[in-house]
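A quick write-up on the structure given underneath.
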Amino acid sequence: MVRCRLDGRGAIVSAHLPDPGRLTDLLVPGRRLWLRRVVAPRRKLRWSAVLVETPRGSGLVSVDTTMPNRLIARALELGALEELSGWKLIRREWRWRDSRFDFLLRDREGSRKLVLEVKSVTLVQNGVGLFPDAVTARGARHVSELALLARRRNWHGAIMFVVQRGDAERVTAAAEIDPDFAAALERAKRAGVRVLGRRCRVTRSRVELGGPIAAG
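For the sequence shown, our numbering begins at 480 and goes up steadily by one.
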């Protein structure tokens, strides 16, 4: 939850914050946020935060953590991800053991499968997207299990970091914030898990998937 003062009214409201991270570089007093009014009988909060101004005010950041999955799902359906050409989406929210992964894909022949996990990135420092911005034991477990899958015959794994802002040139693990996640990612890469990155074009009216960026 985040407390905001509405422009033009002066009223202070509580808004739902979809992103569970710390967002310490974004949620500072005086920073501009964009809210969406939500009409739902069971919702306690009538507002939801969707966009935040970057620290220098030069751009916007999407804080809707469901957005990257929606963008990647659409791109997969359209075959618009060149880094995953040859793979076809067959299932969303695929379960394996005690974990649930975002997407299950297969190759054209149907003999190989690829499990894709998508991570939302909002923290950028000096042009580098960093994930996570808070310790995530669940994220480290996902990465470790992807490594196990990648070692199985005819199975592959990939992690797609989607930076929900346009000022990142590359993306990597935030080792200083979560060394366990960073170590798990290194082990996964050695096991053959691919690490991919995309940034987004964010405006007040829409969030669009941008081009690939260096990842790892």
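The beta-carbon is built from N, C-alpha and C at its ideal position, and this holds for glycine as well. Keep in mind it's a predicted model, so treat the numbers as computed, not measured.
Assign residue i to one of two classes, buried (16 or more other C-beta atoms within 10 Å of its C-beta) or exposed (fewer than that).
i, result
"Ile-491", "exposed"
"Thr-682", "exposed"
"Leu-628", "buried"
"Asn-548", "buried"
"Thr-601", "buried"
Is it true that the CB of residue j sits closer than 8 Å to the CB of residue i?
i, j, result
"Ser-684", "His-621", "no"
"Ser-564", "Asn-633", "no"
"Val-531", "Arg-553", "no"
"Ala-583", "Leu-688", "In the sequence on display, residue 583 carries Leu and not Ala. It is not a contact, given that the beta carbons lie outside the stated cut-off."
"Leu-505", "Val-481", "no"
"Gly-618", "Phe-660", "yes"
"Arg-677", "Ile-692", "yes"
Can you give me the C-alpha to C-alpha distance between residue i and residue j, rounded to a whole angstrom?
i, j, result
"Arg-515", "Ser-527", "5 Å"
"Gly-695", "Arg-488", "45 Å"
"Ala-652", "Phe-640", "10 Å"
"Arg-649", "Asp-612", "16 Å"
"Lys-592", "Arg-669", "19 Å"
"Glu-588", "Arg-522", "46 Å"
"Gly-538", "Cys-483", "19 Å"
"Asp-586", "Ala-519", "41 Å"
"Glu-665", "Ala-637", "13 Å"
For the alpha helix (DSSP H) that contains residue i, what are its first and last residues?
i, result
"Arg-620", "616-629"
"Ala-667", "658-669"
With respect to the beta strand (DSSP E) encompassing residue i, which residues constitute its N-terminal and C-terminal limits?
i, result
"Val-594", "592-600"
"Thr-651", "649-652"
"Met-639", "634-642"
"Leu-505", "Leu-505 -> no beta strand (DSSP E), and no H or E assigned at all."
"Ser-493", "491-495"
"Arg-585", "578-586"
"Glu-687", "686-691"
What residue ranges within the stretch 541-566 form continuous beta strand (DSSP E) runs of no fewer than 3 residues, ordered along the chain? Within the stretch 541-566, no complete beta strand (DSSP E) segment of 3 residues or longer occurs.
Which complete beta strand (DSSP E) runs does the stretch 508-535 hold, if anything under 3 residues is left out? Those beta strand (DSSP E) runs which fall completely within the stretch 508-535 and span 3+ residues are 512-516, 526-532.
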